[in-house]
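Peer 1: Numbering (my numbering), first residue to last: 207 to 733. Ideal placement from N, C-alpha and C gives every residue a C-beta, glycine not left out. Got a structure for you, written out below as structure tokens; questions coming shortly.
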């Protein structure tokens, strides 16, 4: 199904208006990618994209370096390319503190064990000392919080900027998400315009920038209606300047009143969710990530910009070893709110990393003042439906339970929020039953605990509801073009083809064991 897009380059204005109909389902400027002939799979002399050649001696500046994707990008660049210096913006009090974070969170991380094994410990220490440059800074401060010397060195040396820093909390305070996810990338873009040799600005976004009106469409890369504005849009106009002003005004008013910090946070979280829902997004995070893309496109000028839009990132498929993940927020729910026939859309982190590196090389070589967007996703090329996922989970925990239970019941899922809530209340109530011997005081305590648990489960359900009910699929046409352009050697070293994933094997042998090892530390607990 072809969707009518209502995001044109002329409508993306920081101080103007944006009228969303299908919010951020597919960035229309993806069509700016030049069409190329498919590479011949049998041509051994094909030079491919030129990934190895492009990164030879290139200097990179990356924000969000200690995060999930930033760290994985650094590891892959060190292991598989002859990259020059990698400047890492690290939030710290001083240089020593930044170096300490660099060593603890990156250099000594288990993720980098393959790089260490490849070079040997002694040379590895020399390598990271030479290549990884810790820069004290803060994306939320003027000039990114950098001192004059660091800023000048980066402006002189850097070839590629990777903007990977973001707050991914779905319903964080509106003012905080706007500052981190919208204002901070603007600061970085202004800095980029002062870099003398910059070839590419890379922004890590998310494919899940969609709204209520995009639930039932295929998100294709048809470019016939790129510049069309839909006349049937059902959401009000979104003015970014107004939203930032509203958040600042609300924060100021609450700060000068008698409100407690908890009340201020609660109010600003509610404000963000209300604004997101008003304009057609499921949560504040996705709204602000969409705003960021709009702003970057408007202010980029002649800077070549690459936007990578992965779907839900999960543990590594192969590299640097299967099952690596960090910072995964596990939650226990008695059931799922999901349509069993809806496609999940997840993608292993190493395929996101490889796609990003390959796209950087391609557009860094081209070096044209374009904006190009890539979906890195699986729902079209290798679909997995929720009912299949639930069956795989049941099979895993039946054979490898976290607790000694004789019979593992199948996971319950509901398509109705009311049915989910009713079932959740019943389950939690049954868990708190303690027989006739319970006294009144304990009964009241358990009653309060039950209400809190139900409210928490319902809150999580609402936050992640969009994953289980979204019927659209993310087309990866540009990533597929990228794959066809890669040489055999590049495909071997930078695997991007999600059709190769056997989902059953991935979950049973890679992802769930990876969660147990890297997130749960092999503890006997419940996910």
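1) State buried or exposed for residue 661, treating a residue as buried only when at least 16 other CB atoms are found within 10 Å of its CB.
2) Is DSSP giving residue 709 helix, strand or coil here?
3) Could I get the ranges of all uninterrupted alpha helix (DSSP H) runs contained in the stretch 295-380, with 4 residues as the minimum, in chain order?
4) Considering only C-alpha positions, which residue in the set 271, 285, 466 is nearest to residue 699?
5) Near residue 502, what residues of its chain come up, given a Cβ to Cβ distance below 7 Å and the 5 sequence neighbours on each side ignored?
6) Return the chain-ordered list of same chain residues with a C-beta closer than 7 Å to the C-beta of residue 281, the five sequence neighbours on each side being excluded.
7) Can you tell me whether DSSP reads residue 540 as helix, strand or coil?
8) Three or more C-beta pairs under 8 Å: does that hold for the stretch 442-461 against the stretch 474-493?
9) Report the rounded CA-to-CA distance for residue 681 versus residue 497, giving the unit in angstroms.
10) Going along the chain, which residues of its own chain have a beta-carbon closer than 7 Å to the beta-carbon of residue 330, five neighbours each way excluded?
11) How many Å lie between residue 544 and residue 386 at the Cα?
12) Does the Cβ of residue 678 have 16 or more other Cβ atoms within 10 Å, making it buried, or fewer, making it exposed?
13) With a threshold of 16 other CB atoms inside 10 Å of the CB of residue 676, please say whether the residue is buried or exposed.
14) Which word fits residue 713, buried or exposed, when buried means at least 16 other C-beta atoms lie within 10 angstroms of its C-beta?
15) Starting from residue 259, trace the alpha helix (DSSP H) in both directions and tell me its first and last residue.
16) Of all Cβ atoms in chain B, is any one closer than 7 Å to the Cβ of residue 469?
17) Fully enclosed by the stretch 675-703, which alpha helix (DSSP H) runs are 4 residues long or longer?
18) Residue 507 and residue 399 look like a contact to me (Cβ under 8 Å); what is the Cβ gap, rounded to whole Å?
19) Going residue by residue through the stretch 463-512, where are the continuous alpha helix (DSSP H) segments of at least 4 residues, counting only ones entirely within it?
20) Could you say which of 674, 461, 347, 404 lies nearest to residue 591 if we only look at CA atoms?
21) In the DSSP output, what is residue 514 paired with across the bridge?
22) Where does the unbroken alpha helix (DSSP H) through residue 735 begin, and where does it stop?
23) What's the gap between the Cα of residue 243 and the Cα of residue 350?
24) Give me, in chain order, the residues of the same chain whose beta-carbon lies closer than 8 Å to that of residue 569; leave out the 5 immediate sequence neighbours on both sides.
25) Let me know the secondary structure DSSP gives residue 403 once reduced to three states.
26) For residue 382, which of helix, strand or coil comes out of DSSP?
27) Per the DSSP calculation, residue 549 is bridged to which residue(s)?
28) CA-CA distance, residue 375 and residue 491?
29) With three or more beta-carbon pairs closer than 8 Å as the criterion, would you say the stretch 515-531 touches the stretch 589-607?
30) Keeping to the same chain, check which residues put their C-beta closer than 6 Å to that of residue 561; ignore five residues upstream and five downstream.
31) Let me know the secondary structure DSSP gives residue 523 once reduced to three states.
32) What are the boundary residues of the alpha helix (DSSP H) that includes residue 560?
Peer 2: Per the coordinate set shown:
1) The count along the chain shown starts at 1 and reaches residue 661 at position 455. Exposed is the call here.
2) As a position in the chain shown, residue 709 is number 503, starting the count at 1. Helix, per DSSP.
3) 301-308, 319-325, 327-337, 354-363
4) Position 493 of the chain shown, counted from the start, is the residue given in the question as residue 699. When each option's Cα is compared against that of residue 699, the closest is 285.
5) The sequence position of residue 502 within the chain shown is 296, counting from 1. So the qualifying residues of the chain are 391, 395, 409, 511.
6) As a working note, residue 281 is residue 75 in the chain shown. Cβ within range, chain order: 317, 318, 321, 526.
7) Reading the chain shown from its first residue, position 334 is the one you call residue 540. Here residue 540 sits in coil by DSSP.
8) yes
9) Reading the chain shown from its first residue, position 475 is the one you call residue 681. Reading the chain shown from its first residue, position 291 is the one you call residue 497. Roughly 21 Å between the two C-alpha positions.
10) The sequence position of residue 330 within the chain shown is 124, counting from 1. Result list for residue 330: 321, 322, in chain order.
11) For the purposes of this step, residue 544 is taken as the residue at position 338 of the chain shown. For the purposes of this step, residue 386 is taken as the residue at position 180 of the chain shown. So the alpha carbons of these two residues sit roughly 31 Å apart.
12) Position 472 of the chain shown holds residue 678. The residue in question, residue 678, is buried, as its Cβ has 16 or more Cβ neighbours within 10 Å.
13) Mapped onto the chain shown, residue 676 falls at position 470. So residue 676 ends up on the buried side.
14) Against the chain shown, residue 713 aligns to sequence position 507. Residue 713 comes out buried.
15) As a working note, residue 259 is residue 53 in the chain shown. First-last of the alpha helix (DSSP H) with residue 259: 257-261.
16) Among the chains in the structure shown there is no chain B, since it carries only a single protein chain.
17) 683-691, 694-699
18) Numbered from 1 along the chain shown, position 301 holds the residue referred to as residue 507. Numbered from 1 along the chain shown, position 193 holds the residue referred to as residue 399. Residue 507 to residue 399, Cβ: 7 Å. Contact.
19) 467-485, 490-505
20) Here residue 591 corresponds to residue number 385 of the chain shown, with the count starting at 1. That would be 674, whose Cα lies nearest to the Cα of residue 591.
21) Residue numbering aside, residue 514 sits at position 308 when the chain shown is read from its first letter. Answer by DSSP bridge pairing, in chain order: 410, 580.
22) For residue 735 there is no data in the structure shown, the boundaries of the chain being 207 and 733.
23) For this step, residue 243 is matched to residue 37 along the chain shown. For this step, residue 350 is matched to residue 144 along the chain shown. Below a pLDDT of 50, predicted positions are generally treated as unreliable, and residue 243, at 40, falls in that range; the measurement from the model is reported next regardless. Distance between the alpha carbons of residue 243 and residue 350 is about 41 Å.
24) Residue numbering aside, residue 569 sits at position 363 when the chain shown is read from its first letter. Answer for residue 569: 406, 510, 512, 576, 578, listed in chain order.
25) Taking the chain shown and counting its residues from 1, the one referred to as residue 403 is at position 197. Looking at residue 403 - three-state DSSP - the assignment turns out to be coil, as it is neither helix nor strand.
26) Position 176 of the chain shown, counting from 1, holds the residue named residue 382. Residue 382 falls in the helix class under three-state DSSP.
27) The count along the chain shown starts at 1 and reaches residue 549 at position 343. Note: residue 549 sits in a beta bridge opposite 591.
28) As a working note, residue 375 is residue 169 in the chain shown. As a working note, residue 491 is residue 285 in the chain shown. Computed Cα separation, rounded: 7 Å.
29) no
30) The count along the chain shown starts at 1 and reaches residue 561 at position 355. Hits under 6 Å: 582, 685, 702.
31) In the chain shown, the residue the question calls residue 523 occupies position 317. Here residue 523 sits in coil by DSSP.
32) Position 354 of the chain shown, counted from the start, is the residue given in the question as residue 560. Run containing residue 560: 555-572, per the alpha helix (DSSP H) assignment.
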